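Chains as they are written, first to last, in this note's numbering: chain A, 13 to 326; chain B, 13 to 326; chain C, 13 to 326. Read the structure below first, then the notes.
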Amino acid sequence: MSWTKKHLLDIESLTAEEISTVLDTARAFKNVGERAIKKVPALRGKTVVNLFIEPSTRTRISFELAEQRLTADIVNFSADASSFKKGETLKDTAKNLEALNADFIVIRHSASGAAHFLSRVVKSSIINAGDGAHEHPTQALLDAFTIRERKGKIAGLNVTILGDILYSRVARSNIWALTKLGAKVTLCGPSTLVPKTFEQMGCRVTHNVDEAIRDADIIHLLRIQHERQRKTMFPSIGEYTQLFGLNKTRLAKTKQDALIMHPGPINRGVEIDSEIADCERSLILEQVTNGLAVRMAVLFLLNGGKGPQEISGN
Amino acid sequence: MSWTKKHLLDIESLTAEEISTVLDTARAFKNVGERAIKKVPALRGKTVVNLFIEPSTRTRISFELAEQRLTADIVNFSADASSFKKGETLKDTAKNLEALNADFIVIRHSASGAAHFLSRVVKSSIINAGDGAHEHPTQALLDAFTIRERKGKIAGLNVTILGDILYSRVARSNIWALTKLGAKVTLCGPSTLVPKTFEQMGCRVTHNVDEAIRDADIIHLLRIQHERQRKTMFPSIGEYTQLFGLNKTRLAKTKQDALIMHPGPINRGVEIDSEIADCERSLILEQVTNGLAVRMAVLFLLNGGKGPQEISGN
Amino acid sequence: MSWTKKHLLDIESLTAEEISTVLDTARAFKNVGERAIKKVPALRGKTVVNLFIEPSTRTRISFELAEQRLTADIVNFSADASSFKKGETLKDTAKNLEALNADFIVIRHSASGAAHFLSRVVKSSIINAGDGAHEHPTQALLDAFTIRERKGKIAGLNVTILGDILYSRVARSNIWALTKLGAKVTLCGPSTLVPKTFEQMGCRVTHNVDEAIRDADIIHLLRIQHERQRKTMFPSIGEYTQLFGLNKTRLAKTKQDALIMHPGPINRGVEIDSEIADCERSLILEQVTNGLAVRMAVLFLLNGGKGPQEISGN
Numbered sequence: 013m014s015w016t017k018k019h020l021l022d023i024e025s026l027t028a029e030e031i032s033t034v035l036d037t038a039r040a041f042k043n044v045g046e047r048a049i050k051k052v053p054a055l056r057g058k059t060v061v062n063l064f065i066e067p068s069t070r071t072r073i074s075f076e077l078a079e080q081r082l083t084a085d086i087v088n089f090s091a092d093a094s095s096f097k098k099g100e101t102l103k104d105t106a107k108n109l110e111a112l113n114a115d116f117i118v119i120r121h122s123a124s125g126a127a128h129f130l131s132r133v134v135k136s137s138i139i140n141a142g143d144g145a146h147e148h149p150t151q152a153l154l155d156a157f158t159i160r161e162r163k164g165k166i167a168g169l170n171v172t173i174l175g176d177i178l179y180s181r182v183a184r185s186n187i188w189a190l191t192k193l194g195a196k197v198t199l200c201g202p203s204t205l206v207p208k209t210f211e212q213m214g215c216r217v218t219h220n221v222d223e224a225i226r227d228a229d230i231i232h233l234l235r236i237q238h239e240r241q242r243k244t245m246f247p248s249i250g251e252y253t254q255l256f257g258l259n260k261t262r263l264a265k266t267k268q269d270a271l272i273m274h275p276g277p278i279n280r281g282v283e284i285d286s287e288i289a290d291c292e293r294s295l296i297l298e299q300v301t302n303g304l305a306v307r308m309a310v311l312f313l314l315n316g317g318k319g320p321q322e323i324s325g326n
Numbered sequence: 013m014s015w016t017k018k019h020l021l022d023i024e025s026l027t028a029e030e031i032s033t034v035l036d037t038a039r040a041f042k043n044v045g046e047r048a049i050k051k052v053p054a055l056r057g058k059t060v061v062n063l064f065i066e067p068s069t070r071t072r073i074s075f076e077l078a079e080q081r082l083t084a085d086i087v088n089f090s091a092d093a094s095s096f097k098k099g100e101t102l103k104d105t106a107k108n109l110e111a112l113n114a115d116f117i118v119i120r121h122s123a124s125g126a127a128h129f130l131s132r133v134v135k136s137s138i139i140n141a142g143d144g145a146h147e148h149p150t151q152a153l154l155d156a157f158t159i160r161e162r163k164g165k166i167a168g169l170n171v172t173i174l175g176d177i178l179y180s181r182v183a184r185s186n187i188w189a190l191t192k193l194g195a196k197v198t199l200c201g202p203s204t205l206v207p208k209t210f211e212q213m214g215c216r217v218t219h220n221v222d223e224a225i226r227d228a229d230i231i232h233l234l235r236i237q238h239e240r241q242r243k244t245m246f247p248s249i250g251e252y253t254q255l256f257g258l259n260k261t262r263l264a265k266t267k268q269d270a271l272i273m274h275p276g277p278i279n280r281g282v283e284i285d286s287e288i289a290d291c292e293r294s295l296i297l298e299q300v301t302n303g304l305a306v307r308m309a310v311l312f313l314l315n316g317g318k319g320p321q322e323i324s325g326n
Numbered sequence: 013m014s015w016t017k018k019h020l021l022d023i024e025s026l027t028a029e030e031i032s033t034v035l036d037t038a039r040a041f042k043n044v045g046e047r048a049i050k051k052v053p054a055l056r057g058k059t060v061v062n063l064f065i066e067p068s069t070r071t072r073i074s075f076e077l078a079e080q081r082l083t084a085d086i087v088n089f090s091a092d093a094s095s096f097k098k099g100e101t102l103k104d105t106a107k108n109l110e111a112l113n114a115d116f117i118v119i120r121h122s123a124s125g126a127a128h129f130l131s132r133v134v135k136s137s138i139i140n141a142g143d144g145a146h147e148h149p150t151q152a153l154l155d156a157f158t159i160r161e162r163k164g165k166i167a168g169l170n171v172t173i174l175g176d177i178l179y180s181r182v183a184r185s186n187i188w189a190l191t192k193l194g195a196k197v198t199l200c201g202p203s204t205l206v207p208k209t210f211e212q213m214g215c216r217v218t219h220n221v222d223e224a225i226r227d228a229d230i231i232h233l234l235r236i237q238h239e240r241q242r243k244t245m246f247p248s249i250g251e252y253t254q255l256f257g258l259n260k261t262r263l264a265k266t267k268q269d270a271l272i273m274h275p276g277p278i279n280r281g282v283e284i285d286s287e288i289a290d291c292e293r294s295l296i297l298e299q300v301t302n303g304l305a306v307r308m309a310v311l312f313l314l315n316g317g318k319g320p321q322e323i324s325g326n
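Okay, structure coming up:
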């Protein structure tokens, strides 16, 4: 199928076919990253603004490199939301960027819904690079891409997401993507962070980590993020590690071919043992590589690219 | 006429003809911004340093995009003046940039005269992006461009500038540009901020807002800028809004085709009512679009471009 | 000879021939900087990450311009080491950059050995842009280039390095480069900052400035760097200036053709009199120009360039 959407705001509103089109296109761009000249002219003369109203290093760099490898013109606009409040409104900022003929605005914002809001007030294409605790669609796309590459499929797999589900936009976007693509999703973590209400999204919810990972094909760990929790949701980091951290003993009880994912940056010794993060079953660095390919694919498709068959070198 | 100046330091030293050459060239570059590929190779292999020794987002982004669309190599050098004092002198910084073969230095500085100073100590072309309360020439050029586009001319128009004139480099540059181009300029604001001495620049000065805007073709509002006032020049923001803010009632008393301008970022509800900022008579976002075209024109001309007839795509 | 090294980590492990290859290649790139179009396509489609985990303006800008003039794709990643500690490890950051197919990582870090460490954990080419008090190899290469350009040779010259030797990576790299190339190196400064142990590196050590500069062909001044001294190593800045600062009286006692160098930024009136910094015998700004050429040469050679004969325009 050929892509028709103008924005990438969330996974919730994508069809399984649309998700597959992104993954197929990303497959072609992954090859570009392995060439001597890692560049195609697809976005030459297009303007991309990276509007990061929440600190970020990894996601910003991944987007910036994706944009450079597509030969776009790039402007970085970073600010924290607090200093932003003193100045103009988000809408005025966006209208100004539109007035500069920004073709794309990649927005990260601490408020859920910020990307949707922009898509209603400006003509530029909006890409959600993470909005509050709502969604982080490119993360879910790169995770799906990584699983499909290594397992050959997604449908029918058991995927366990472990950690702070409640405040995680990564979890939310992954749940949408994985269930749409036919995986069986299990959520696990402290009961304060993994409420039963997630069952309404089609997931199994458990607070017993051994039960959660026993049949998993993929164990997706989330970063413990103090900054998005409004109050302490578990007694201590040490207690979290003891009850939910992935260590050698726990991994021994999983399927031999269960693979481990993490959106990074990892807290070694907290949600994941150092040894496991670096072992052969860990896909953490492949996720980083694939993230770049997926972001190139998203920009390419939103720019009017029809699909992977169009991609070539220059 | 063809352009011969090496620097853009102020409007005061430009002739009406030179200003018109910039506006004509900007007209051609505005078209470039509307193309699918918003890029020309005019500055390929040239080095532009954006030396912003005073915080700025909008002007910096506008310059940066202008430079990218001209295919320049760009280095951003930001610092605040206070941290600068601990290190090397402004002259030494500039001499270093010259030693790196910087073709252009775009400087914003809190000290009046900083751009002129640089033009005397280095061989690079200097563009003043705002120096203290002195001048902000590209702002005045984009404002003149915007007026000419919408009114078809500038000579003979009544232009009212409203607000903090005393500390405004935008006002100062606009007064020079508008009077050179034959407009009749009225200045209005609290008497502490709009002294009678401005009459020597050929302006009418009044402290009565209704009188100031009655016959205006253009009402140019300035941002209330606490940072450049050395002490409080009016009792309170609320009082300013009540006495000088542009609202529906006041606008009703102006000419039907009077247009509203503001250099941004706007303080909604302070110097301008939200509704008016977004109405059809507001040119605020057109100013942003035109700013990019004007900055491309300035860089193009300072780089040896002769005029609009030379501009083409690539 | 043709270049074979993958990384530039230090001067200590380079041969005199390798150093000369860099200088010869830099000579060709210096010409590029003087052209109307200061750009060659040597690194097109290559990704360079500037990982500056210690504040820097001059070196970062020099590298960034070198990368742009080689047409590389560039990502800047700045952080201070303290904020870094809260997040992921340096190794994890580097592994992430490798996963993004970074061809080059230019690293500045407050810890000695940081560049060597990266070269062992990632496949990317590593360029040391200064690691703690250890080495700053591109600075020594640009200094050697500058001396060779002006004196026609390095072997047999008397070079005096004056200042805070103990904590200076610039001094350490210069000592390696100059002694390998056959210069006779004298070190001078307060005894707390210039211990006798440096004689083991083949240098003469003296604490008498007049003796140190009497026969010098090159007087290389170092910046007084409070930040890298763990405690105050001399009574006061004024005392340092009086005892070791280069002024007119002292300069009068040197050879007529002795030349003055300084890595910048200079402290006018501290280690060097203002008048002397700006005199004809000062090479300070030539060092800046040459630094860009040397950094282009280093990137070019590490990218597989064989030597100066390959460099042409585009």
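Backbone N, C-alpha and C fix where the C-beta goes; we use that ideal spot for every residue, glycine too. Just so it is clear, the structure is predicted and the values come from calculations on it, not from any experiment.
Check	Outcome
Report buried or exposed for PRO53(B), applying the criterion of at least 16 other Cβ atoms within 10 angstroms of its Cβ.	exposed
Measure the C-alpha to C-alpha separation of THR253(C) and PRO247(C) and round it to an integer number of angstroms.	11 Å
Check whether chain A comes within 8 Å of LYS163(B), counting only Cβ atoms and requiring the distance to be less than that.	no
Who are the neighbours of GLN80(A) on chain C, taking C-beta pairs under 9 Å?	THR59, ASP85, ILE86, VAL87
Tell me, please, which residues DSSP counts as bridged to ASN170(A).	LYS196(A)
Which term fits CYS291(B), buried or exposed, when burial requires 16 or more other beta carbons within 10 angstroms of its beta carbon?	exposed
Using CA atoms only, rank isn't needed, just tell me which of GLY194(C), VAL310(C), THR59(C), ARG56(C) is closest to ALA38(C).	VAL310(C)
Distance cutoff 8 Å, beta carbons only. Does ARG293(C) sit that close to anything in chain B?	no
In whole angstroms, what is the alpha-carbon distance linking GLU100(C) and ILE166(B)?	59 Å
Relative to the C-alpha of GLU298(C), which residue among ASN88(C), ILE177(C), ASP285(C), HIS274(C) is closest?	HIS274(C)
Whole angstroms are fine: how far does the CA of VAL217(C) sit from the CA of THR198(C)?	6 Å
Comparing alpha-carbon positions, which option in GLY57(B), LEU35(B), LEU153(B), SER14(B) lies nearest ILE23(B)?	LEU153(B)
Considering only C-alpha positions, which residue in the set ARG293(C), LEU20(C), ALA156(C), LEU313(C) is nearest to LEU130(C)?	LEU20(C)
Output yes if chain C places a C-beta closer than 8 Å to the C-beta of ASN108(B); else output no.	yes
So with Cβ pairs under 8 Å, would you call ARG70(C) a contact of chain B?	yes
Check each residue of the stretch 295-315 of chain B: if its Cβ is closer than 7 Å to any Cβ of chain A, include it; give the result in chain order.	LEU297, VAL300, THR301, LEU304
Fully enclosed by the stretch 246-287 of chain A, which alpha helix (DSSP H) runs are 4 residues long or longer?	249-256, 260-264
On the DSSP bridge list, what partners appear for ARG216(B)?	THR198(B)
When the distance is taken between beta carbons, is THR158(B) closer than 8 Å to LEU255(B)?	no
Evaluate the contact criterion for the stretch 141-148 of chain B versus the stretch 115-123 of chain B: three or more CB pairs, one atom per stretch, below 8 Å.	yes
State yes or no: is the beta carbon of GLU211(A) nearer than 8 Å to at least one beta carbon in chain B?	no
Relative to the C-alpha of THR266(B), which candidate in ASP229(B), ASP36(B), ILE73(B), GLY257(B) has its C-alpha closest?	ASP229(B)
Could you check where the beta strand (DSSP E) with ASP85(A) kicks off and where it finishes?	85-90
Is there a C-beta anywhere in chain B that falls below 8 Å from the one on ALA224(A)?	no
Going by other Cβ atoms of all chains shown within 10 Å of its Cβ, with 16 needed for buried, is ASP155(C) buried or exposed?	buried
Classify GLU223(A) as buried or exposed, calling it buried when 16 or more other Cβ atoms lie within 10 Å of its own Cβ.	exposed
Would you say the beta carbon of ALA48(B) comes nearer than 7 Å to a heavy atom of the ligand PLP?	Questions concerning the ligand PLP fall outside what the structure shown contains, since it holds no ligand whatsoever.
Go through its chain and collect everything with a Cβ distance to VAL87(C)'s Cβ below 6 Å, but skip five positions before and after it.	VAL61
Looking at the unbroken alpha helix (DSSP H) that takes in ARG160(A), where does it start and where does it end?	149-163
Which residues of chain A have a Cβ atom closer than 7 Å to the Cβ of ALA111(C), listed in chain order?	LEU297, VAL300, THR301
Please list the partners that ARG160(A) has in chain B, where partner means a Cβ-to-Cβ separation under 7 Å.	None at all; the shortest Cβ gap to chain B is about 33 Å.
I need the DSSP call for ILE23(B), collapsed to helix, strand or coil.	coil
Listing by chain order, which chain B residues have their CB less than 9 Å from the CB of ARG56(A)?	ILE49, LYS51
So if I threshold CB-CB distances at 9 Å, which residues from the stretch 274-286 of chain A count as touching chain C?	GLY276, PRO277, ILE278, ASN279, ARG280
Going along chain B, which residues have a C-beta under 7 Å from GLU100(A)?	PRO277, ILE278
Let me make sure I understand the geometry here. Which of MET308(A), ILE49(A), LYS260(A), PHE116(A) has the alpha-carbon closest to that of ALA289(A)?	LYS260(A)
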